[in-house]
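Here's the structure we're looking at; comments come further down.
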Amino acid sequence: MGRVVLVTGVARDLGRRFARQLAAAPAVDRVIGVDVQPPRGDLGSVSFVRADIRNPIIAKVIMREHVNTVVHMSVLPSPGAAGRTAAKELNVIGTMQLLAACQQSPELEHFVLKSSTAVYGSSNRDPAMFTEGMNAKRSAAVGFTKDINEVEGYVRGFARRRPDVRVTTLRTANALGPGVNTPTAAYFRLPVIPTVLGFDPRMQFLNDGDLLDVIEHATLADIAGTFNVAGDGVLMLSQAIRRLGRPALPLPGFAVGPLGSAMRQARVADFSREQIAYLAYGRGVDTTRMRTVLGFQPSRTTEQAFAEFAASIEPGVISERRVRAAESALAGALGGSRGSRPALTDGDGGHHG
Amino acid sequence: MGDAEIIPIGTRGKPGRGTGSTKPSSSARGLATRAPAKPSEKKAAATPVAPDTIVPEPAVPGIAATAPPVADVAAQQVPSPRTPADELARAAVTEDHRHPTAGIPAVDWISGFTTAAVEMFGADWEPRLAAFLAFLRRRLTGDYTVDEYGFDAEITQRFFMTAIRPVAEKWFRIEVRGVENIPTVGGALVVSNHSGTVPIDGMMTAISIHDHAHRFLRPLGADLVFKLPIVSELARKGGVTLACNEDAERMLRGGEIVGVWPEGFKGIGKPYSERYKLQRFGRGGFVSAAIRTGVPIIPTSVVGAEEIYPLVGNIPSLARLLGVPYIPITPFFPLLGPLGLVPLPSKWIIEFGEPIRTDEYDGAQADDPMLVFNVTDQVRETIQQTLYTLLMQRKSVFG
């Protein structure tokens, strides 16, 4: 018997790409994409149902189409055009309704939640590397961290009520790749990158292709549980910004908030409270279970994922090419001064430029 | 000499050179008349400060004498008969003369730099300079790696350690004992007393281990460290991570030498009158971490750190307001302002004691409070006894 997979959140680029990728998998019979808005790109052989997961109609879709696997990808950090309340409504209430619909479906076998490492929050009391058994050190009062914790709580509750359903939760790091348009990518695309003065957070990234692969792997594999997913290694924010060749703009902590809300108003970048905490304290997750239990190895490390993203956007003013040129000019001028004279003019140019 | 005649210097208030008057002085007028006729003689005369026609004759020999690289150019030109092109060349030289920086040729810059480089880096300065430039380039383009705790070994070794080494060697004259007790490979837990108002003892222990045992010490810091701007950034880069069981065990399993100061703020913030009296050793979490990972505990005693900033007072209300454990008052701070921040040059002794093995216990015993308490006490007693012995051996505080 083949699989019929329901994927939520296909209006978003990553959701749409995942649905298409899954539809191409031989073990999958049908993929049904659900979202409130129609997807922006081509869905291929995925059948699209325009429905709100908060609406009971979703239960009918699950029943009628004999869905046996649900991949829940519409828990999103960015409120987008809608405000905070609307985002919470969609994330938390949407998940509750979807789980209620799933609970009534006797045919359901597998539920995959695409969660986020944001579930751990960011604070100065964080351990260097979070393992799956740890919780956020400072429970968030509002925001995406709270949403995602509540969503995971409901999914755990569902797993208890339906022990026959395999429930897999993937806590993925920020996805980054050439075509990705997430809040993190938008942040790194800024010409001058604001940072929190005196803090240099550790960050982990996941290549967008790896993100889709790991969800597909979890969808098709027979493994339940919660897994951190991130590329190997960490990058410091300062290091990442230098690799982009862009200037950083360190701002004192109290100034980042107002600037962030101004930028959010202008739709330039998302600077929510948890984003600012992340920019100060960073986060690292341990991915041992991903490798040993889930049996997945990302094809790109954090560094490689970031490098691919950096290559896709135009380099900033302090690009590596320029730094290398200045270095070779300087080295040529100073080192070669005992040799040929023509090098001098070049060297002089490099010195001033 | 009684009443000296006052000889006035200058123009006695007459208009002329340097008085700001637009009228030229008599000498300037005299010079102007002797100058070769120019179509705009009036204009030339109206600008009193040396028009280009005046200076060339004395200037050329002067330049030829002082600036050797130009000498060959000048030597070629002096004997030749005057041509319009020659005039131009001379004019150019005088321009250079008026703006000395622009006139120093690149060759001189380079030779000066070469000499400086040889002075600074020694005879093999070229590869070393190239290496230094490559280092700068790598830092600028972010082409370096940090470990999962954010530890940047390169910057720690080349920058932080280099900066504090003179303080360790020349200012505190640290005497390091028992380096052989630090394992050359594998994990170990360095447990030390804490003192000195500012955790300088941690840095000094780190550099002593780096320079004598050639290992990096990975200190565990309080959560306050990671809350403070700049401090948090430097701490992560220098290899510090949060003092919690998760991080300690992770690092020890990774085979690092982890440093812990179980007294915490009770230790560094204690008054001078209680110097060298160990405070309570927390809850013994460090012992459970060592037992779980089976690494040896190295009791470390630091003598000298107590005297660098003798803490005589505290402003608890201000400390509470700022959210820090204490606001120190020393005999010199805040009385002398920034000068009071200079630590007193006490003589330091750091002794790494004999390792206390924990590998004979099995991991489950880490949760046995009695065992943890006993080992904690053993470590504490060892450090306390060593402190007393070292104090007896030290001739004086500044000896």
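Order-wise, the sequence lines are chains A and B. Using our numbering, you'd call the opening residue of the first sequence number 1 and step up by one each time. Using our numbering, you'd call the opening residue of the second sequence number 1 and step up by one each time. By construction, the Cβ of each residue, glycine as well, lies at the ideal position given by its N, Cα and C atoms.
Is any beta-carbon of chain B found at less than 7 Å from that of residue i?
i	result
residue 330/A	yes
residue 228/A	no
residue 23/A	no
residue 239/A	yes
residue 279/A	no
residue 197/A	yes
Please check if any C-beta of chain A sits within less than 7 Å of the C-beta of residue i.
i	result
residue 282/B	no
residue 330/B	no
residue 146/B	yes
residue 71/B	Caution applies to residue 71/B, whose pLDDT of 42 falls short of 50 and renders its modelled position unreliable; the value that the coordinates give is listed next. Closer than 7 Å: no.
residue 108/B	no
residue 256/B	no
residue 96/B	Since pLDDT at residue 96/B reaches only 47, below the 50 mark, its modelled position is unreliable, and the value read off the structure follows with that caveat. So, not an interface residue.
residue 189/B	no
residue 137/B	yes
residue 226/B	yes
residue 130/B	yes
residue 249/B	no
residue 199/B	no
residue 58/B	Confidence at residue 58/B is low in this model, with a pLDDT of 44, below 50, so its placement is unreliable and the value that follows should be read with caution. No, residue 58/B lies away from the interface with chain A (no Cβ there is under 7 Å from its Cβ).
Using C-beta distances below 7 Å, list every residue in its chain close to residue i, excluding the 5 sequence neighbours before and after it, in chain order.
i	result
residue 61/B	At residue 61/B the pLDDT is 43, less than 50, meaning the model places this residue with poor confidence and gives no usable figure here.
residue 193/B	263, 267, 278, 301, 302, 383, 387
residue 223/B	242
residue 394/B	303, 347, 349
Ordered along the chain, which non-local residues of its own chain (more than five positions away) have a Cβ less than 6 Å from that of residue i?
i	result
residue 318/B	327
residue 78/B	Annotation note: pLDDT 44 at residue 78/B (below 50); position unreliable, coordinate value reported separately. Excluding residues within five positions, none has a Cβ falling inside 6 Å.
residue 298/B	181, 188, 190, 352, 355
residue 315/A	245
residue 198/A	none
residue 88/B	Its pLDDT being 49, under 50, residue 88/B is placed unreliably in this model, and the value from its coordinates should be taken loosely. Counting only Cβ-Cβ distances below 6 Å, and skipping sequence neighbours, we find nothing.
residue 397/B	307, 346
residue 273/A	143
Using 8 Å for Cβ pairs, my map puts residue i next to residue j. What's the rounded Cβ distance?
i	j	result
residue 195/B	residue 267/B	6 Å
residue 286/A	residue 207/A	About 19 Å; that fails the 8 Å criterion.
residue 249/B	residue 218/B	At roughly 12 Å, the Cβ-Cβ gap does not stay under 8 Å, so residue 249/B and residue 218/B are not in contact.
residue 213/B	residue 179/B	5 Å
residue 62/A	residue 97/A	Between residue 97/A and residue 62/A the Cβ distance is about 11 Å, and since that is not below 8 Å, they are no contact.
residue 290/A	residue 237/A	Contact doesn't hold; Cβ gap of about 23 Å is too wide.
residue 129/A	residue 233/B	About 19 Å separates the two Cβ atoms, so there is no contact after all.
residue 72/A	residue 8/A	5 Å
residue 197/B	residue 330/B	7 Å
residue 279/A	residue 196/A	5 Å
For a quick check, are the C-beta atoms of residue i and residue j less than 7 Å apart?
i	j	result
residue 344/B	residue 306/B	no
residue 95/A	residue 154/A	yes
residue 294/A	residue 223/A	yes
residue 75/A	residue 91/A	yes
residue 281/A	residue 115/A	no
residue 172/A	residue 235/A	no
residue 108/A	residue 68/A	yes
residue 313/B	residue 359/B	no
residue 189/A	residue 142/B	no
residue 366/B	residue 291/B	yes
residue 210/A	residue 77/A	no
residue 31/A	residue 46/A	yes
residue 428/B	residue 311/B	This structure leaves residue 428/B out entirely; chain B is present only between 1 and 399.
residue 136/B	residue 117/B	no
residue 39/A	residue 17/A	no
residue 262/A	residue 176/A	no
Excluding the 5 residues flanking residue i on each side, which residues of the same chain have their C-beta closer than 8 Å to its C-beta?
i	result
residue 259/A	194, 251, 271
residue 231/B	225
residue 179/A	13, 208, 312
Please check if any C-beta of chain C sits within less than 7 Å of the C-beta of residue i.
i	result
residue 246/B	Going by chain labels, chain C is absent from the structure shown, which instead holds the protein chains A and B.
Report the start-end ranges of each beta strand (DSSP E) in the stretch 41-80 of chain A that is 3 residues or longer and not cut off at the edges.
Taken in chain order, the complete beta strand (DSSP E) segments of 3 or more residues contained in the stretch 41-80 of chain A are 47-50, 69-72.
Tell me the start and end of each unbroken beta strand (DSSP E) in the stretch 256-312 of chain A that is at least 3 residues and wholly inside, in chain order.
Listed in chain order, nothing qualifies, since the stretch 256-312 of chain A has no complete beta strand (DSSP E) run of 3 or more residues.
Length-filtered (4 minimum) alpha helix (DSSP H) runs lying within the stretch 177-255 of chain A:
Listed in chain order, the complete alpha helix (DSSP H) runs (minimum 4 residues) inside the stretch 177-255 of chain A are 183-188, 208-220, 237-244.
Output the residue ranges of the beta strand (DSSP E) runs that lie fully inside the stretch 103-177 of chain B and measure 3 residues or longer, sorted by chain position.
The stretch 103-177 of chain B contains these whole beta strand (DSSP E) runs: 175-177.
Segments of 4+ residues assigned as alpha helix (DSSP H) that fall wholly inside the stretch 298-322 of chain B
The alpha helix (DSSP H) runs lying completely inside the stretch 298-322 of chain B and spanning 4 residues or more are 316-322, given in chain order.
Whole runs of the beta strand (DSSP E) within the stretch 236-269 of chain B, excluding any shorter than 3 residues
Taking only runs of at least 3 residues, the beta strand (DSSP E) segments lying wholly in the stretch 236-269 of chain B are 257-260.
Residue ranges of each beta strand (DSSP E) within the stretch 322-394 of chain B, 3 or longer:
Complete beta strand (DSSP E) runs here, min 3: 349-352.
Alpha helix (DSSP H) runs contained entirely in the stretch 80-137 of chain A, provided each spans 4 or more residues
The DSSP assignment places 84-88, 94-104 as complete runs of the alpha helix (DSSP H) inside the stretch 80-137 of chain A, in order along the chain (cut-off: 4 residues).
At 4 residues or longer, and completely inside the stretch 3-42 of chain A: list those alpha helix (DSSP H) runs for me, N to C.
If we require 4 residues or more, the alpha helix (DSSP H) runs fully inside the stretch 3-42 of chain A come out as 13-23.
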